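Residue numbers (this note's numbering): 228 to 305. Don't be surprised by glycine CBs; every beta carbon is placed ideally from N, CA and C. Computed from a predicted model, the values in this text were never measured in an experiment. First the structure, in the form of structure tokens, and then the observations on it.
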């Protein structure tokens with residue numbers, strides 16, 4: 228019985244971390260009008276799901292370097 232309770236607690240914790248996690252969205256569409264549209268879509272998504280989306284602009288020339296650094300630190304975007 229204790230093992231079942233432990234399993235339920237672990238699964239609940241795991242599920243709550245997934246359900247309420249924020250999303251980091253990297254984009255190379257960094258032009259102001261495109262950023263505005265992506266921010267608008269992120270806000271609409273948050274309103275519908277409750278999940279916050281952080282839109283992170285990255286210049287295309289910097290994408291490889293940023294991805295390598297993020298992977299090394301264990302902080303890649305979704």
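C-alpha distance - residue i paired with residue j, whole-angstrom precision
| i | j | result |
| --- | --- | --- |
| residue 284 | residue 255 | 6 Å |
| residue 243 | residue 251 | Note that residue 243 scores a pLDDT of 49, beneath 50, so its modelled location is shaky; the value from the coordinates is reported in the next line. Using only the alpha carbons, I get a separation of about 18 Å. |
| residue 248 | residue 301 | 16 Å |
| residue 288 | residue 280 | 23 Å |
| residue 296 | residue 271 | 30 Å |
| residue 298 | residue 253 | 14 Å |
Status (buried if at least 16 other CB within 10 Å, exposed otherwise) for residue i
| i | result |
| --- | --- |
| residue 257 | exposed |
For residue i, the residue or residues it bridges with in DSSP
| i | result |
| --- | --- |
| residue 280 | 250 |
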